[in-house]
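Written out below as structure tokens is the structure these notes cover.
Shown next as structure tokens:
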């Protein structure tokens, strides 16, 4: 982690050496010296970081580096403040003297830091032999490898009686191995560390039905820092041993090319099976694949890896298979837990609740279950208090119990393999509470505000952050918790036990402090503070001069920052009050020059003071969503770095209503905010359409939301939109349900538009919609078209979600054969004249969800619905009883057979502020749609949210 700290500080220094920042006299030389010292130390910090867990002396040295780097970072931020004050203090002699003193102090402190860094750098010589020996041992990555390899060796020796949940995946993988084409095929098994990849593949490899299909078999264990020559030699030795031939003389001195040729010649006419266990990097696979011939002998290669991208890429050439190994099911996990904890006996009734709570924390991860059950097996089953202690202090147990070292090592390997820029991003997940669903865009904006994201040519910081997120997902370190209907990641989560480990690492590295009412003493120097629940009173009034981030989760009582930390927090860059009981805009932010992220989402704030907001010159994100703010002061235009401006509130209940969203009145010269990427939602019917003309100046916009667009502003709006070539999402609403949105003047729509939401009357469907080849989501509401719009939408190649509300007053909708090829979600609502829906053969062949609501004349299910073989959910909203009776499983349900293949069919009604949901299979004998089993729901339906 010291490598990450050094890397980010060097990144901070870059503008100084690109002549973008002019420093005071006396400071420049110290900064140049600082950069040189950091570059010297950085050259070997990666290995030192990994080794510190097993070497106490080295751990102290790494901590010294990290602490000095943090101090240097604080000084640079203070220096920036002094420089700003120097330019804004005018002719005040007192303030100029104060600034001069601060400059001399900072220069002196920087000189002191450079001296300390020189001493620390010199002392590194004592560790060079350790670092060299560590990096030279290929099979023992980062010195934690012994524990890791012992653990993996145990996995290879497990008996079938020790395993649970393996039969199904084993059968699947064996089928892939012994069936299929005669060409060489690659099969990859992927999943997070400890999920059982090695165990599964070993059982497959040893299966007699597999062995008899191959003339030569070899198992090669790949280490995290292997050398290609050693990998090839290991493979060659095992193959020669397998076919009982002597190892050629001189093999030990062969280069990699000769080794590849020798292996290829050996296998050219043989059916072979080679397993590469625990592959970490793509170059390892690239280096060995050419040694394995594609000889049309039904040869197979198996790879286990924690990296999903590597698993997928390695199989592409051979049209192979990827098995994504899933956690154990609940019953399987309980079986494994009880076997190891109670040696085959059943769990005592008085321990069931405790054990099930602990098991939930394991989330089906076999290694975690085995490790923790091994600890519990040594506990006295009569001492319920001991078991409860482990239950509620699992993080402490993981840190202090030697029996869990192997488990920690397995997960630490994944962390240590991360490049420095991803380590901070990953540790940042520790700030969120347990089981918290992390919003993807919130996380990305926080990463950017923290300075973790380095801009790259041709990409925005948001693009780079998305790449980082994909990398963590590919490494199976975080999990997708929810996706949007068009396939984008919406929410994320971290495995409970992995979270416990990163909290420990975060605390150890003084990266972030997580506090609640039960928290013990805080660290001496707090850089990031995340409050969960109630802030301990005894910890208030602390000095937090180094504090960079302050976030609150589930806080019941709001305490002003000034009162909480009266000594100040001038370096704060992130302030997240989302969901806090906050009624007024926090006045304390007025002096926070470094503030880049301010979220007041879902608070009761009503106004934004102009004299305060205008001083936050570095602000990049202002999130006022779900507040009562309806107007922004003109001072907002001073925030030239503002990238994300969210100010709106959804207020509907039940079905979609035209005025269900409150936007904001923005300054008419909004076009001055050149850095804006997201602007939602702006009311356009003000200042004679000035705002509409200003929109064209916001060339960086990715997402735009407009409310109350006047018909007479249609041409100006279209001209502005044509200039927004980076736009990915556009939402437009007219002034009223019967008012027209005029988009006919738009000739060249944004080429990358993926999401389009139009609410208001359309005189005709814009012809340019057909050219939107990237469009994945389309919502049309209150369009009142005179003709069927489907013919103009059916060939959109990537359309995944289509919602139509009061779009067409005809009596028939026809989904033609072979059309809407990518559509997964379809919603039809308030078609007052609709009497028939027909689905042609192979139309919508990917459809998974169909919703039909408030179509009073529609008395039967869509004709051809039986052809929608992938349909998982069919939901009717306030539809006529006549229709529901046609699909009733009892009595006269003549169309029941047409929907029999759909797993979930519901009849839903809006009643008394909530949804009454009835499942089709619970309808009573008299086929009354409202007499089945009732499920009460208050969740808003996605099709009516936008």
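Numbering (this note's numbering), first residue to last: 52 to 997.
Here a beta-carbon is modelled for each residue, glycine too, at the ideal position from N, C-alpha and C.
If you're wondering where the values come from, they're calculated on a predicted model, not measured in any experiment.
Determine the extent of the alpha helix (DSSP H) in which residue 500 is found, giving its start and end residues. It spans 491-501 - the alpha helix (DSSP H) in which residue 500 sits, taken as one unbroken run.
Start and end residues, alpha helix (DSSP H) containing residue 765: If you look at residue 765, you'll find it in the alpha helix (DSSP H) that goes 765-774.
Assuming residue 161 contacts residue 57 under a Cβ cut-off of 8 Å, what Cβ separation, rounded to an integer in Å, is found between them? Their Cβ separation, rounded to whole angstroms, is 16 Å, which puts residue 161 and residue 57 out of contact at 8 Å.
Who does residue 631 pair with in a DSSP beta bridge? According to DSSP, which records beta bridges pairwise, residue 631 is partnered with nothing at all.
Chain-order list of residues whose beta-carbon lies under 7 Å from that of residue 221 (same chain, five-residue window excluded): Taking C-beta separations shorter than 7 Å and ignoring five residues to either side along the sequence, the partners of residue 221 in its chain run 251, 254, 255, following chain order.
Any Cβ of chain D within less than 8 Å of the Cβ of residue 798? Of the chains in the structure shown, none is chain D; there is only one protein chain.
Does the count of Cβ pairs from the stretch 464-482 and the stretch 493-506 closer than 8 Å reach three? Counting Cβ pairs under 8 Å, three or more are found: they touch.
Look up residue 551 in the DSSP assignment and say whether it is helix, strand or coil. Judged by DSSP in its simplified three-state form, residue 551 adopts helix.
Bridge partners for residue 716 per DSSP, in chain order? For residue 716, which the question treats as bridged, DSSP gives the partners 682.
Roughly how many angstroms separate the alpha carbons of residue 464 and residue 388, rounded to a whole number? Looking at the two C-alpha atoms, the distance is approximately 25 Å.
For the putative contact between residue 327 and residue 367, defined by C-beta atoms under 8 Å, what is the C-beta separation to the nearest angstrom? About 16 Å separates the beta carbon of residue 327 from that of residue 367, a gap too long to meet the 8 Å contact definition.
How is residue 542 classed by DSSP in three states: helix, strand or coil? Looking at residue 542 - three-state DSSP - the assignment turns out to be strand.
Verify whether the separation of the beta carbon atoms of residue 966 and residue 988 is less than 8 Å. Cβ atoms of residue 966 and residue 988: closer than 8 Å.
Quick one: grab the DSSP three-state call for residue 294. Assigned with DSSP and collapsed to three states, residue 294 falls in coil, not helix or strand.
Over what stretch of residues does the alpha helix (DSSP H) that includes residue 359 continue unbroken? That run of the alpha helix (DSSP H) goes 359-367.
Which partner residues of residue 375 appear in the DSSP bridge assignment? DSSP output for residue 375 lists 241 as bridge partner(s).
Is DSSP giving residue 346 helix, strand or coil here? Of the three classes helix, strand and coil, the one that applies to residue 346 here is coil, per DSSP.
Tell me whether residue 331 sits in a helix, a strand or coil according to DSSP, three-state version. Three-state result, residue 331: coil.
Nearest to residue 1003 (by Cα), restricted to the options 438, 874, 716, 546: Residue 1003 is absent from the structure shown; the chain starts at 52 and stops at 997.
Around the C-beta of residue 1057, are 16 or more other C-beta atoms found within 10 angstroms, so that it is buried, or is it exposed? There is simply no residue 1057 to check, as the chain begins at 52 and stops at 997 in what is shown.
List, from N- to C-terminal side, the alpha helix (DSSP H) runs of 4 residues or more that fit wholly inside the stretch 76-140. Fully enclosed alpha helix (DSSP H) runs of 4 or longer: 79-93, 96-102, 107-139.
Quick check on residue 396: buried or exposed, where buried means 16 or more other Cβ atoms within 10 Å of its Cβ? Exposed is the call here.
If you pair each beta-carbon of the stretch 503-520 with each one of the stretch 454-461, do three or more pairs fall below 8 Å? The answer is no - the stretch 454-461 does not touch the stretch 503-520, with fewer than three Cβ pairs under 8 Å.
Counting only runs of 4+ residues fully inside the stretch 928-973, write out the alpha helix (DSSP H) ranges in chain order. The stretch 928-973 contains, as complete alpha helix (DSSP H) runs of 4+ residues, the segments 932-937, 947-950 (chain order).
Beta-carbon spacing of residue 813, residue 829 below 8 Å: Here residue 813 is not near residue 829, since their CB atoms are 8 Å or more apart.
Comparing C-alpha positions only, which one of 80, 856, 55 sits nearest to residue 94? Sorting 80, 856, 55 by C-alpha distance to the C-alpha of residue 94 places 55 at the top.
In three-state terms, what does DSSP make of residue 903? Of the three classes helix, strand and coil, the one that applies to residue 903 here is strand, per DSSP.
Going by other Cβ atoms of all chains shown within 10 Å of its Cβ, with 16 needed for buried, is residue 650 buried or exposed? Counting C-beta atoms within 10 angstroms of its own C-beta, residue 650 has 16 or more neighbours from the protein chains shown and is therefore classed as buried.
Alpha carbon to alpha carbon, how far is residue 274 from residue 192? Give it in angstroms, no decimals. Confidence at residue 192 is low in this model, with a pLDDT of 39, below 50, so its placement is unreliable and the value that follows should be read with caution. Going from the Cα of residue 192 to the Cα of residue 274 covers about 7 Å.
Excluding sequence positions up to five away, which residues of its chain have a Cβ less than 7 Å from the Cβ of residue 1074? Only positions 52 to 997 of the chain appear in this structure, which leaves residue 1074 out of reach.
Does the contact criterion of 3 or more C-beta pairs under 8 Å hold for the stretch 876-889 versus the stretch 897-910? Short answer: they touch.
Using DSSP with H/G/I as helix, E/B as strand and the rest coil, what is residue 737? If DSSP states are grouped into helix, strand and coil, residue 737 belongs with coil.
Residue 752: which of 780, 892, 733 sits nearest, CA to CA? Of 780, 892, 733, the residue nearest in Cα terms is 780.
Rounded to the nearest angstrom, how far is the Cβ of residue 700 from that of residue 710, given a contact under 8 Å? The C-beta separation of residue 700 from residue 710 comes to about 12 Å, leaving the pair out of contact by the 8 Å criterion.
If we ignore side chains and look at the alpha-carbon of each, how far apart do residue 358 and residue 526 end up? Cα to Cα, residue 358 sits roughly 4 Å from residue 526.
With a threshold of 16 other CB atoms inside 10 Å of the CB of residue 100, please say whether the residue is buried or exposed. With 16 or more Cβ atoms within 10 Å of its Cβ, residue 100 is classed as buried.
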